[in-house]
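Comments concern the structure below.
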Amino acid sequence: MLGYFHFIIGCFFLLISFNSSATSVMSSESWQEEYHLNRIENPNKALSMLNNVYSSLPPSAERIFTATRIHGFVTRRGNVYTSPLKNNTTNIYDHIESLILLSMDLEDNGDYKQALQQIKKAQLKSKNLNDLDLNSLLSIKQCRSNLALGNYYLAEFYCQSAIKHLEKTKDHYIDIKWAYRLLALSYQGVSDFKSALKANEKALSLSKSYELNDTIYNNISSLLLQMGQLKEAEKYAKKALKIREKRQISQKIAQSHIVLAQIYLKSSQYANAKSCANFAIAQLNDNTANAQTLSRAYLTLAAVLNKQSYYDEAIEYLLLALKQLDNNSNSDLLINTYQLLSSAYLKHENSNKALDYISIAIDKSQQSQNQQALANSYLIKSDIEEFTGDIKAALITRKLYENVIKKIHALNDGNKDMTLELRNLLIEKEKEKLNNLKEKHQQIVEINKEKQHKLLFQVTVIILILIIYLILRIRWLPMHKPN
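Heads up: the sequence shown runs through residues -22 to -1, 1 to 461, numbered per mature numbering (1 follows the signal peptide of the UniProt record, and there is no 0).
Structure representation (structure tokens):
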């Protein structure tokens, strides 16, 4: 009898596992509120909450996402994250988790090209899993890596793919605001400031009252700076800094000071700009985990020194910035470094080096489709050609500059621009892949439904048999009772 009950209970649990998916702990309002509160008041407890969630999950997309959050939490504070995964694991989700964590380590060291390769390996491994949550997470990771490499249209596509899936599930454990923030940066990279602002505003509108919005504020500040709205940019930068000072994360505090330094530089407040840039470098000296932030700090200080006519010092800091960066990338940061090196050498009257560096900047701007960077590069090149007396070449380059500016205006006005052809081709190609994946997923869903119905029928039959057996047994016992 006891064996029958155990069997039935087992069947029920199996049935439940097929018919319902467990609600993510991280999706619950109470967990999120407690976690965000602890991020400021008790970071150790916040980390413990993440670790507890990770430990409670089987190998899955959700556990991989939790691992990425723990990795970011630990490394942003200047510490090293060690994965609890075993080297000899055979689980496919474990392998994918290891690849994603490795990509994050490579990103922190500035090796964005290799980081992207690890994500691509993870995508190949996940191909037959038909896990849409995992695909969304990998798409966001693809977006991040392509952003760092200056592949802005590819970054936009992967973000849009992730958002399309995440929008279908309310309060998904993968935070959709993350995808919108990255989408904004992809628009910003191709000078589509209007779309970038909308994406940032969308991310902000999805925030809960208890959530920390310092990253969104900082991103909006950088965007407004590029748009020339300096007062508004400063306001958002200070809002971000206020939150980050409470969080006491050196890297984040440094990022806000870098943005403030850039705002002060643009408004010719050189003393304030220099002070903020030096403060950022000091914050990062004990934490070299994020090469990109440190290189941006060096670049910003060099820009201030260049404006103050300290060209030798500016060049020293620019070369330090280059050492932190992956020279194979087409990121805006790398392009800006080459542009400023070219300008500094021109001030030094070294036209050959100035031309060499600006040629690299032009090439990388064209590859990344970064129109604003390309326009700025052409402008610097025309100045070099004027300096060397090659007026004909300078006029041709100035014409190229004007054409790019027209493209930027056309894009911002919402008109179709030939530079969007690349994005459209990429989107069509990737959409085809995504549709094939969805068809496979739908087939699996249908098969699973059929299995569930069969299982439900089998369990029902077993229960009926057991009930009949119990009834017969109850009736049979009094008849055979000993006198």
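Just so it is clear, CB atoms sit at the ideal spot from N, CA and C, and this is done for glycine as well.
Presumed contact (8 Å Cβ cut-off) between residue i and residue j, rounded CB distance
i: L125; j: G88; result: In fact, because the Cβ distance is near 14 Å, the residues do not count as touching under 8 Å.
i: A275; j: A322; result: Contact flag wrong, Cβ pair sits at about 17 Å.
i: L15; j: Y295; result: The pair is not a contact, with the Cβ atoms about 39 Å apart (cut-off 8 Å).
i: A251; j: A280; result: With 8 Å as the limit, A251 and A280 do not qualify as a contact, their Cβ atoms being about 11 Å apart.
i: N69; j: P21; result: That pair is no contact at about 31 Å.
i: L160; j: C121; result: 5 Å
i: L238; j: C254; result: 5 Å
i: S329; j: I340; result: So it is not a contact: roughly 16 Å between Cβ atoms.
i: K99; j: N306; result: Contact flag wrong, Cβ pair sits at about 18 Å.
i: F51; j: L35; result: So it is not a contact: roughly 17 Å between Cβ atoms.
i: Q349; j: V382; result: 6 Å
i: L283; j: E291; result: 5 Å
Short Cβ contact (8 Å threshold) for residue i with residue j
i: R47; j: R225; result: no
i: residue 496; j: N308; result: Coverage of the chain is limited to positions -22 through 461, which leaves residue 496 absent and any answer about it impossible.
i: Y214; j: E40; result: no
i: Q302; j: S273; result: yes
i: Y130; j: Q317; result: no
i: A353; j: I386; result: yes
i: E75; j: I42; result: yes
i: S81; j: I97; result: yes
i: I236; j: A211; result: no
i: A181; j: N196; result: no
i: H143; j: L116; result: no
i: R222; j: K216; result: no
i: K359; j: I336; result: yes
i: I227; j: R55; result: yes
i: L324; j: I362; result: yes
Proximity to residue i [Cα-Cα], best of the options
i: T271; options: Y242, Y248, L312 and L373; result: L312
i: K119; options: A140, N106, N108 and L107; result: A140
i: S6; options: S200, L80 and K186; result: K186
i: D149; options: K91, M4 and L352; result: M4
i: N106; options: H143, I241, K427 and Q421; result: Q421
i: L163; options: Q138, E223, S183 and L144; result: Q138
i: Q95; options: L112, E75 and S123; result: S123
i: T53; options: L25, F257 and F135; result: L25
i: E134; options: L297, A177, N65 and Y447; result: A177
i: A269; options: H73, D86, Y32 and V31; result: D86
i: K342; options: I440, D304 and L219; result: D304
i: Y32; options: E19, D72 and K432; result: D72
i: Q247; options: L208, I221, N263 and K216; result: L208
i: A249; options: S228, N306 and Q286; result: Q286
i: Q261; options: K359, L184 and S234; result: S234
i: E327; options: N65, Y379, T315 and Y289; result: Y289
i: D310; options: L28, E380, S200 and N256; result: S200
i: L132; options: Q345, K220, D334 and K146; result: Q345
i: E19; options: Q430, N65 and L190; result: L190
i: D368; options: Q349, L333 and I338; result: L333
i: V423; options: T44, K64 and N108; result: N108
Residue i CB to nearest heavy atom of the ligand FMN below 7 Å
i: N16; result: Ligands in the displayed structure: none, and consequently the ligand FMN is not present.
Residue-chain proximity (residue i, chain D), Cβ-Cβ < 8 Å
i: R453; result: Note that chain D does not occur in the displayed structure, where there is just one protein chain.
Checklist entry - Any contact of the segment 146 to 164 with the segment 364 to 375, i.e. 3+ C-beta pairs under 8 Å? => result These segments do not touch.
Checklist entry - If you pair each beta-carbon of the segment 171 to 187 with each one of the segment 196 to 206, do three or more pairs fall below 8 Å? => result Yes: the two stretches touch, three or more of their Cβ pairs being nearer than 8 Å.
Checklist entry - Is the segment 58 to 66 in contact with the segment 236 to 246, if contact means three or more CB pairs nearer than 8 Å? => result Counting C-beta pairs with one atom in each stretch, the segment 58 to 66 and the segment 236 to 246 have fewer than three that are closer than 8 Å, which means they do not touch.
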